[in-house]
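K.L.:
What follows is a structure written as C-alpha cells; I'll ask about it next.
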Amino acid sequence: MGHGIAQVFAMAGFEVWMRDIDENILKNAMEKIKWSLEKLHSKGRLSETPREIISRIHATLDMNEACRNADFIIEAVPEILDLKKKIFSEADSIAPSHAILASNTSSLPIQELANVTKRPDKVIGMHFFNPPVILKLVEVIKSSYTSDETVQIVIDLAKRLGKEPVLVKKDSPGFIVNRILGAIIHEALWMLEDKKFGVKEIDAACRFKLEMPMGIFELIDYIGIDVVYHMMKAMIDRGAPFTLTKSFEELFKSNNLGVKTGKGYYSYPAPGKYVKPSLSSLMGQNVNSLQIIAPAINEAVHLVEEDIADLVDIDKAIRLGLNFPHGIFEIADNFGLDNVLNMLNELYNKRKMDIYKPRKYLASLVENNNLGRKTGKGFYEYDVDVRKLDTLKIIREKPLAWIILNRPQKLNALSIEMLDEIKRTFAELDKDKDIRVIIITGAGKSFCAGADVKSFENFSGVDAFKYSLKIQDAFGEIERVGKPVIAAINGYALGGGLELAMACDLIIASSSAIIGQPEINLGIIPGAGATQKLARIIGSNKAKELIYTGDMISAEEGARYGLINQIALAEELEYIARKIGLKIAEKPPLSLMIAKYVINYGKDVAEKVGKIIEALGFGLVRSTRDAEEGIKAFLEKKKPKFKGE
Ligand code: COA
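For the sequence shown, this note's numbering gives the first residue as 44, with consecutive numbering after it.
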C-alpha cells in the first residue's frame with residue numbers, strides 16, 4: 044500500500060520521500076503511481092499534470108535521507124511486529140523531534156511501537172484502506188500515550204488528503220473495520236460448520252439481503268485465505284472473541300488460498316484471475332441474514348461500550364471501509380433491536396461463545412422499548428409518528444408509512460369498521476407528501492384471516508352483494524392510491540386477506556406464511572376480487588384449484604406461482620420490507636405513480652390501447668422536473684435527488 048499512500052500525499056501537495064529496501068520495489072512503485080496518475084488525469088480528476096505530482100515524490104533506499112527532514116512519517120511494511128519496531132526505532136533516531144510517526148497497521152498495537160521511540164506522544168496509527176487513492180476511509184488510532192495534539196494534527200492531515208477520518212480512541216484488536224468484518228467472517232464460518240447452508244447460499248444472503256458488495260466467502264477469497272487467517276489470528280491473540288473453525292484451518296493449510304491460487308471457497312479460471320461468482324437472490328432465500336449480521340452488531344456495541352469508537356464513526360467506517368450501503372447500527376435499527384437481541388440469545392444458547400452474549404447497552408435499549416426505526420428510537424432517533432385507530436395502527440416513518448392490521452385476537456379478520464379505516468387511511472396517506480411508500484402488515488401471527496365471518500352471519504343475499512362491493516371498493520383504494528403499496532405477509536393471508544395482499548403492488552411474505560382462498564368451506568365464494576385477480580396472476584386452472592379445494596398453500600408455493608415477489612424468514616420480514624420500501628422511496632414519486640396506473644389500468648384493455656396509455660404516461664413523466672434531474676444526474680455521473688415535482 045506504500046506507493047498508494049505516497050501518491051495520496053503527493054496529490055495533496057506534500058513533498059514525499061518514499062523509502063524501501065529494494066531498488067526494484069521502488070521502481071515498480073513509481074511505475075504504479077505513474078499509471079494511476081495518468082488514469083486519473085485522463086478522467087479529468089487531477090488539477091495538476093501527473094508529471095507535476097510525480098516531481099514531488101522522491102524514491103530512496105536511504106532511511107536517513109527519507110527521515111531527516113520529515114514532519115510526518117508513515118510506515119507501511121508487512122504486519123510483523125518486530126520489523127515494525129525496528130523501523131520505528133530507526134525513524135525515531137533520525138527524524139526531527141517534532142515529527143509524527145504513524146503506522147499503517149491494520150491490526151498491531153500502536154502502544155508497542157510507541158514504546159521503542161523517545162516520542163510516544165507522537166506515535167499514532169493511520170490505517171488506510173486499499174487502494175488508498177480511491178478509498179476514502181482512514182482509521183486514526185490513538186494509543187494511551189498519543190497526545191490530543193497529535194490526534195488533531197493527523198485528523199486534519201487526513202482531511203487535507205481528501206480522506207474521511209474516524210477516530211479509534213483506544214488500541215483495540217482490529218480497530219473498527221476489521222473487528223466488525225471479523226465478526227461477520229466468524230459467523231459465516233460457523234454457519235458453514237452447521238452444514239445447513241453452503242458457501243453460495245450464505246453469500247447470496249450477504250449480497251441480496253444485506254446488500255453487501257460481495258458475499259463474505261467471495262470477499263475472503265478476494266483478500267486471500269492466508270491474509271484473512273492471519274488477520275483473524277492476530278485479533279484473537281489480542282483478545283477479540285473469535286473462534287476459527289476446523290474447516291477454515293484446514294483450508295488455510297491446504298494452500299487453496301482464494302483468488303491468488305485459483306481456488307478457495309470458489310474456483311477461478313486461473314491463479315490471480317478474479318471472476319465474480321454468479322449468485323441469485325433465490326439461493327439465499329432460506330438463509331437468515333440476521334444471523335450473519337447480529338454478532339457483528341454486538342461487536343459494534345462492544346466497541347461503543349468500551350469507548351473505543353463513537354457510534355457515528357463506526358457507521359461511517361463500515362460504509363466507507365466495507366462499502367456497505369448502511370452502517371452497522373443503521374442495519375440494526377432497520378432489523379429491529381428486539382429481533383437482534385433474540386437472535387443473539389438463540390446463538391448464545393446454541394454455541395455458548397462470548398461473542399453472542401448480548402451487550403448491556405443493546406439489552407437496555409430493548410428493555411426500554413427503543414427497538415429501532417419502528418419505535419422512533421434505537422441506536423439513532425427517527426421522526427416517527429404512531430397513531431392508533433380502532434382496528435389499525437399507523438406508523439409514519441418517513442418516507443415510509445406502515446399500516447398494521449390490529450385485531451390480532453381475531454387474526455385481523457376484516458370487520459366493516461376495519462374496511463372503512465383502511466379506505467380512509469389510504470386516502471389520507473395518498474395526500475401526505477412525506478410518505479412515498481406504504482407497507483401493510485398484520486399484528487400477531489396473522490396478516491389477515493379474511494372477511495370477518497361474524498359480520499355476515501345474518502346477511503341477506505343483497506346484503507352480501509353490497510358487502511362484496513364495499514370490500515372491493517376499499518381494496519380499490521389501494522390500487523387507486525398514487526404510491527407503491529407493499530404487502531408484508533407475516534402469517535395467514537386467507538380469503539379477503541389474500542385479496543387484500545393482491546390489491547397491493549408487491550407482496551413480500553414470511554417463509555412461514557400460509558395463503559389460500561378457503562371461502563368454499565363456508566359455502567360461499569371469494570367476493571373481494573380473487574376470481575378475477577388470482578386467475579390473472581396464477582392462471583385460471585391453478586386459481587380454480589385453490590378456490591374449489593379451499594386448500595392453503597405455503598409462501599414458497601405462492602412464490603413459485605408468481606403470486607409473491609420475495610420470501611423472507613420471519614425475523615427478516617420487517618427488515619426486507621423496509622429495505623425494499625426505502626429503495627423504492629428513493630425513486631421519482633411521479634414516475635412510480637404513473638407506472639402503477641399504467642400497469643393497473645392498462646392490463647384491462649386491449650394491448651394496443653395499453654401501449655398508447657403507456658406512451659401517454661411516458662410523455663407525461665418526461666415533462667416532470669424529476670425527469671430533468673434524473674437525466675442530468677446520469678449524464679454527470681451523479682446520484683439523482685427526486686422531489687416528486
Ligand atoms: N372471521 C372472524 N373471526 C375469525 C376469522 C374470520 N375470518 N378467522 C379467525 N377468526 C377468529 C376465530 O374465530 C378465533 O376467535 P375466538 O378466539 O373468539 O374463537 C380467533 O380468530 C383465532 O382463530 P382460531 O381459529 O382459534 O385460530 P387457529 O390458529 O386455530 O386457526 C385459521 C387459524 C386461520 C386456520 C382459522 O381461524 C380459520 O380457518 N379462519 C377462517 C379463515 C377463512 O375462512 N377466511 C375466509 C373468510 S370469508
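The beta carbon of each residue, even a glycine, is placed where N, CA and C say it ideally should be.
Is the beta carbon of Ala360 within less than 8 angstroms of some heavy atom of the ligand COA?
P.N.:
no
K.L.:
Across which residues does DSSP place Gly168 in a beta bridge pair?
P.N.:
DSSP links Gly168 through a beta bridge to Ser146 and Ile184.
K.L.:
Just checking Asp495 against the ligand COA - is the residue's beta carbon closer than 8 angstroms to any of the ligand's heavy atoms?
P.N.:
yes
K.L.:
Is Gln515 near the ligand COA, judged by its Cβ being under 8 angstroms from some heavy atom?
P.N.:
no
K.L.:
Which residues mark the beginning and the end of the alpha helix (DSSP H) in which Gly519 is found?
P.N.:
Element bounds for Gly519: Gly504 to Arg523.
K.L.:
For the 8 angstroms Cβ check, are there 3 or more pairs between the region 356-374 and the region 302-316?
P.N.:
no
K.L.:
By the 10 Å Cβ neighbour count, where 16 or more other Cβ atoms means buried, how is Thr193 classified, buried or exposed?
P.N.:
buried
K.L.:
Suppose you measure from the CA of Ile213 to the CA of Val183; what does that come to, to the nearest Å?
P.N.:
First, the residue type needs correcting, since residue 213 is Lys and not Ile in the sequence shown. Those two C-alpha atoms are separated by around 10 angstroms.
K.L.:
With a 10 Å radius around its C-beta and 16 neighbouring C-beta atoms as the bar for buried, classify Phe260 as buried or exposed.
P.N.:
buried
K.L.:
At which residues does the beta strand (DSSP E) containing Cys491 begin and terminate?
P.N.:
Ser489 to Cys491
K.L.:
Beta carbon of Leu300: closer than 8 angstroms to some heavy atom of the ligand COA?
P.N.:
no
K.L.:
Is the beta carbon of Val528 sitting closer than 9 angstroms to the one on Leu541?
P.N.:
no
K.L.:
Taking the alpha carbon of Ile268 as the reference point, which residue from Phe291, Asp246, Ala283 and Asn455 has its own alpha carbon closest?
P.N.:
It is Phe291 whose Cα lies nearest to the Cα of Ile268.
K.L.:
Run the CB neighbour count on Gln334, radius 10 Å, all protein chains shown included, and call it buried at 16 or more, exposed below.
P.N.:
buried
K.L.:
With a CB to CB cut of under 7 angstroms and the five nearest residues on each side skipped, what residues in its chain are close to Leu83?
P.N.:
Leu89
K.L.:
Going by CA-CA distance only, name the one from Leu253, Leu635, Val120 and Arg579 that's closest to Asn377.
P.N.:
Of the candidates Leu253, Leu635, Val120 and Arg579, the one whose C-alpha sits nearest the C-alpha of Asn377 is Leu253.
K.L.:
Output the residue ranges of the beta strand (DSSP E) runs that lie fully inside the region 210-298 and measure 3 residues or longer, sorted by chain position.
P.N.:
You should have found no qualifying run.
K.L.:
Is it the case that the region 656-676 contacts the region 626-645, given that we only count it when at least three CB pairs across the two stretches are under 8 angstroms?
P.N.:
yes
K.L.:
Output needed for Ala313: all residues of its chain with C-beta closer than 6 angstroms, excluding positions within five of it in sequence on either side, in chain order.
P.N.:
Gly305
K.L.:
At a cut-off of 8 angstroms, is Leu448 close to the ligand COA when judged by its beta-carbon and the heavy atoms of the ligand?
P.N.:
no
K.L.:
Just the C-alpha distance for Ser149 and Asp381, rounded to the nearest angstrom, thanks.
P.N.:
33 angstroms
K.L.:
Can you give me the C-alpha to C-alpha distance between Asn58 and Met44, rounded to a whole angstrom?
P.N.:
According to the sequence displayed, residue 58 carries Glu and not Asn. Glu58 and Met44 have their C-alpha atoms some 18 angstroms from each other.
K.L.:
In chain order, which continuous runs of the alpha helix (DSSP H) of length 4 or greater are located wholly inside the region 637-684?
P.N.:
650-665 and 668-678
K.L.:
Looking at C-alpha atoms only, which residue of Thr468, Ala444, Ala337 and Asp433 is the closest neighbour of Glu460?
P.N.:
Asp433
K.L.:
Which same chain residues end up closer than 6 angstroms to Gly485 when comparing Cβ atoms and leaving out the 5 residues on each side of it in sequence?
P.N.:
Leu448, Asn455, Cys491 and Asn533
K.L.:
How far does the alpha helix (DSSP H) with His141 in it extend, from its first residue to its last?
P.N.:
Taken as a continuous stretch (DSSP letters only), His141 belongs to no alpha helix (DSSP H), as it is neither H nor E.
K.L.:
Go ahead and label Ser146 buried or exposed: buried means 16 or more other beta carbons lie within 10 angstroms of its beta carbon, across all protein chains shown.
P.N.:
buried
K.L.:
Applying the 10 Å Cβ sphere with the 16-neighbour rule, what's the burial state of Asn71?
P.N.:
exposed
K.L.:
Between the region 672-686 and the region 639-654, do at least 3 Cβ pairs fall closer than 8 angstroms?
P.N.:
no
K.L.:
Measuring alpha carbon to alpha carbon, tell me which of Val209, Leu606 and Ile263 ends up nearest Arg579.
P.N.:
Leu606
K.L.:
Contact between the region 566-578 and the region 610-620 is defined here as three or more beta-carbon pairs at a separation below 8 angstroms; is this criterion met?
P.N.:
Segments in contact, no.
K.L.:
Going by beta carbon distance, what residues of the same chain come within less than 7 angstroms of Gly315, once the five residues before and after it are set aside?
P.N.:
Val302 and Lys303
K.L.:
Would you kindly check if the distance between the Cβ of Asp669 and the Cβ of Pro631 is under 9 angstroms?
P.N.:
yes
K.L.:
So what's Gln334 in DSSP terms, helix, strand or just coil?
P.N.:
helix
K.L.:
With hydrogens ignored, establish whether the beta-carbon of Ile567 is closer than 8 angstroms to any heavy atom of the ligand COA.
P.N.:
yes
K.L.:
Gln515 and Gly538 look like a contact to me (Cβ under 8 angstroms); what is the Cβ gap, rounded to whole Å?
P.N.:
Contact flag wrong, Cβ pair sits at about 13 angstroms.
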